[in-house]
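Sequence lines, in order, name chains A and B.
Oh and the first sequence: position 49 is 115 in our numbering, straight run, nothing missing.
Oh and the second sequence: position 58 is 517 in our numbering, straight run, nothing missing.
The beta-carbon is built from N, C-alpha and C at its ideal position, and this holds for glycine as well.
Predicted model, so just to flag it, every value in this text is computed and none were measured.
Here's the structure, in structure tokens; my notes come after.
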Amino acid sequence: MKILVCISHVPDTTSRISFTDNNTKFDTTGVQFIIGPYDDYALARAIELKEGSGATVHVLNVGLNDTEPTLRKALAIGADEAIRVNAEPTDSFFVASQIAAVAKAGGYDLILMGRESIDYNSGVVHGLVGELLSLPSVSPVMKLDLDGRRAKLAREIEGGKEYLEVDLPFVAGCQEPIAEWKIPNMRGIMSARTKPLKVVDPVSADGGVKLTRFELPPPKGAVKMIAADNVGELVNLLKTEAKVL
Amino acid sequence: MAILVFVESAEGKIKKTSVEAVCYAHALGGPVVVIAFGHVDQSELEALGKYGAEKVLHAADEKLNKGIIQAYASVLGKAMKDENADVLVVANSSLGTPVAARVAIKVGAGLASNIVSLPDTTSGFVVKRSIYSGKAFAYVELKGQKKVLALKKNAADIKEVGKAVGVTPYSVEVSHTDLAVTITSSEQATGEVLLPEANIVVSGGRGMKGPEHWPMLEELAKALHAATGCSKPVSDMGWRPHHEHVGQTGIKVAPQLYIAVGISGAIQHLAGVNSSKYIVVINKDADAPFFKAADYGIVGDAFDVLPKLTEAIKRAK
Ligand SMILES: Cc1cc2nc3c(=O)[nH]c(=O)nc-3n(C[C@H](O)[C@H](O)[C@H](O)COP(=O)(O)OP(=O)(O)OC[C@H]3O[C@@H](n4cnc5c(N)ncnc54)[C@H](O)[C@@H]3O)c2cc1C
Ligand SMILES: Nc1ncnc2c1ncn2[C@@H]1O[C@H](COP(=O)(O)O)[C@@H](O)[C@H]1O
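Written out as structure tokens, the structure is:
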């Protein structure tokens, strides 16, 4: 059983976002990078499956060499091997094409990733990879259990949950509570240093989509405080000023 | 060239975000063809003409009653060919977005999701997307003729521009491989305002102290015809179902009004609410970070303020 987990390398959730070069480049000054929170759930579930049934877990990132500490962290959490496709992740189609190429060559039984990345928030890479590989794709998956080659899943839908079944191999975009985030321990950190981290060249792929510039939202105006014993005033403001009632 | 719109329904009714998608397509120009799957009320489908649909296709095959990503994508890919459509518009959702991705590969289209407004077509076709969990925007150019667009809530205003149209049955063949995923059962809240669709959201955090106090929030939500949401610890502790969890790792809402009660306003929570038009914060701690992101704030005890606010709303109606 081989599992591929796709990891995005994204700014910590508390980061202030800013841009340089005339709003064309993300400003990394002072920004901490982490494994995407949803990808972290996918990884945690993969490690649980490994511990339960002896699967091999590979982690994959499409990125330049500054993402290697993030991949090492995934190794410290328990992945057996890391693969980095040496390219800037310019758009979803490009990233998905790289994942599909690695997945095809590696013959994986299960391809796990996050339901969405927290930098581009596209929520599409799992669908793209599924279609590129002609495999089923399911997202957002909040429960994943294996019974031999049959998987039992729960998927979140608006206002509820859906339970489904599908045979391996397939692609899943994961979210909580599929597993609890894992924190690397000392032994994991030590062993991660010697685990293989392969660097491979990208395949060419052009989705015809080009990011032209970034923009920050306008700053928020000051808050209007209302006394707790004067809720009528709040209702009045919501009616006449905000006009939302 | 036609524009195809995939509309979703819940309990037979077309979702509001899908009506927005129809309005978006109408504003793009070009004949709008709408397609719906499974069981939907006919009158709801006919009414889409009012929002600009020239043709409404209904693939009523019962195999499509439940949202299977692969099957929906195949039918949409085929419908784009049949209708000679270069553009597909869907509303971002747990179903719509992954389906859009698969269709983009099938038809070789440029893909953009989380789109917040109509495109700029002065030179090329440039859409504005919400990124970094609502903390920024990106302008993205789609170069090819074919495009698949997934819209965030409020990307287009809902406007009536025409009148009801007839519904054309659309017959489909769903292949075995497209049904590789079997949906065995589902649980869904009925008769409630769905969180991602709601115009008003009333949300509670750990400051609500326990699930036994939620009726107080629900009273306010009922008075406002609002959906209820919560912070992550609240769903982690099982006080509320996971699908009500708002934030970075939960639902991103974009209502007209978000009322946060007993939520501190951690940056990960704000990431799910920063697209709200107005934010009201009720918290007993005047230094709670949420006040910085709010339009209106009340420093006070939730258990004291909530019943009074519900009363005041009822009186104002
Ligand atoms: C990677 C990551 C992702 C995350 N994703 C999310 C997410 O998606 N959504 C999310 O919500 N959180 C998320 N979190 C957690 C987040 O950091 C906060 O821990 C969480 O939002 C706090 O929830 P809270 O405001 O309900 O609780 P608390 O921080 O405990 O705040 C409770 C608030 O209630 C107030 N209060 C107490 N009693 C009363 C009373 N009687 N009346 C009025 N006010 C009262 C207090 O003053 C306080 O401000 C994430 C964290 C991480 C690290
Ligand atoms: N550069 C990348 N390298 C590897 N996996 C990625 C990359 N970008 C996105 N992914 C995966 O694809 C998922 C969905 O991303 P997105 O479609 O961008 O929201 C993420 O949660 C990751 O698991």
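| If we call anything under 8 Å between Cβ atoms a contact, is Arg-561/B one with Ile-574/B? | no
| field | Local conformation of His-498/B per DSSP, three classes | value | coil
| DSSP beta-bridge partners of Asn-742/B | Val-758/B
| said: Is Ala-680/B close to chain A? Criterion is C-beta to C-beta, closer than 8 Å. | reply: no
| message | Taking the beta strand (DSSP E) that Arg-279/A belongs to, which residues open and close that run? | response | 275-281
| query | Would a check of beta-carbon distances place Phe-99/A closer than 8 Å to chain B? | reply | no
| request: Mind the definition here: the segment 172-179 of chain A touches the segment 526-542 of chain B only if three or more C-beta pairs lie below 8 Å; say whether that holds. | output: no
| task | Would you list, in chain order, the members of the segment 195-216 of chain A that have their beta-carbon closer than 8 Å to a beta-carbon of chain B? | result | Gly-196, Glu-197, Leu-198, Ser-200, Pro-202, Ser-203, Val-204, Ser-205, Pro-206, Met-208
| task | Would you mind sorting Leu-130/A into buried or exposed? The rule is 16 or more other CB atoms within 10 Å of its CB. | result | exposed
| said: By alpha-carbon positions, which one of Pro-284/A, Gly-180/A, Gly-273/A ends up nearest to Val-71/A? | reply: Gly-180/A
| field | heavy atom of ligand 1 below 7 Å from Pro-628/B C-beta | value | no
| Spatial neighbours of Ala-506/B in its chain, beta-carbon cut-off 6 Å, leaving aside the 5 residues before and after | Ala-623
| request: Run down chain B in chain order and give the residues with a C-beta less than 7 Å from the C-beta of Arg-150/A. | output: Those do not exist, as Arg-150/A stays about 23 Å from chain B at its closest Cβ, beyond 7 Å.
| So, are the CB atoms of Glu-134/A and Phe-596/B less than 8 Å apart? | no
| Leaving out the 5 sequence neighbours to the left and right, which residues in its chain are closer than 8 Å to Lys-509/B when beta-carbon positions are compared? | Glu-619, Val-620, Gly-621, Lys-622, Ala-623
| said: When you compare the CB positions of Val-289/A and Tyr-755/B, do they come within less than 8 Å of one another, or not? | reply: yes
| query | Do Val-633/B and Ile-718/B have their C-beta atoms closer together than 8 Å? | reply | no
| Comparing alpha-carbon positions, which option in Val-123/A, Leu-230/A, Ser-84/A lies nearest Ser-205/A? | Leu-230/A
| query | Going straight from the alpha carbon of Ala-217/A to that of Ala-308/A, what length do you get? | reply | 49 Å
| In the segment 539-564 of chain B, which residues sit with their C-beta less than 8 Å from some C-beta in chain A, listed in chain order? | Asn-551, Ser-552, Ser-553, Leu-554, Thr-556, Pro-557, Val-558, Ala-559, Ala-560, Arg-561, Ala-563, Ile-564
| field | Met-256/A, buried or exposed, once every other Cβ within 10 Å from all chains shown has been counted against 16 | value | exposed
| query | Are Pro-655/B and His-192/A touching if we call contact CB-CB under 8 Å? | reply | no
| If we call anything under 8 Å between Cβ atoms a contact, is Ser-794/B one with Lys-474/B? | One cannot answer for residue 794/B here, as it falls past the ends of chain B, which runs 460 to 776.
| field | Chain-ordered chain A contacts of Tyr-737/B [CB-CB under 7 Å] | value | Ala-308, Val-310
| In terms of residues, what are the limits of the beta strand (DSSP E) holding Asp-106/A? | Asp-106/A -> not in any beta strand (DSSP E); alpha helix (DSSP H) instead, spanning 103-119.
| Proximal residues, the segment 246-264 of chain A versus chain B, C-beta separation under 9 Å | none
| Local conformation of Lys-286/A per DSSP, three classes | coil
| request: Could you pull the start and end residues of the alpha helix (DSSP H) that Glu-677/B belongs to? | output: 673-683
| When the cut-off is 8 Å and only beta carbons count, does Thr-581/B lie next to chain A? | no
| request: Below 8 Å CB to CB, which residues in the same chain sit around Gln-529/B once its five sequence neighbours on both sides are set aside? | output: Arg-561, Thr-636, Asp-637, Leu-638, Ala-639, Val-640
| request: Give, in chain order, every unbroken run of the alpha helix (DSSP H) that is at least 4 residues long and sits entirely within the segment 713-737 of chain B. | output: 726-729
| Check whether Arg-279/A and Asn-89/A have beta carbons under 8 Å apart | yes
| message | When you compare the CB positions of Pro-268/A and Gln-164/A, do they come within less than 8 Å of one another, or not? | response | yes
| query | What is the chain-ordered set of residues for which the beta carbon lies under 7 Å from any non-hydrogen atom of ligand 2? | reply | Cys-72/A, Ile-73/A, Ser-74/A, His-75/A, Gly-102/A, Tyr-104/A, Asp-105/A, Ala-108/A, Leu-126/A, Asn-127/A, Val-128/A, Gly-129/A, Pro-155/A, Ser-158/A, Val-161/A, Ile-165/A, Met-179/A, Gly-180/A, Arg-181/A, Glu-182/A, Ser-183/A, Tyr-186/A, Asn-187/A, Ser-188/A, Gly-189/A, Val-190/A, Val-191/A, His-192/A, Gly-239/A
| said: Looking at the secondary structure, which residues open and close the beta strand (DSSP E) in which Lys-170/A lies? | reply: Premise fails: Lys-170/A lies in the alpha helix (DSSP H), 158-172, not in any beta strand (DSSP E).
| said: Suppose the cutoff is 7 Å on Cβ atoms and the five residues either side in sequence are ignored; what does the same chain contact list for Leu-210/A look like? | reply: Arg-111, Ala-217, Leu-219, Ala-238, Ile-244
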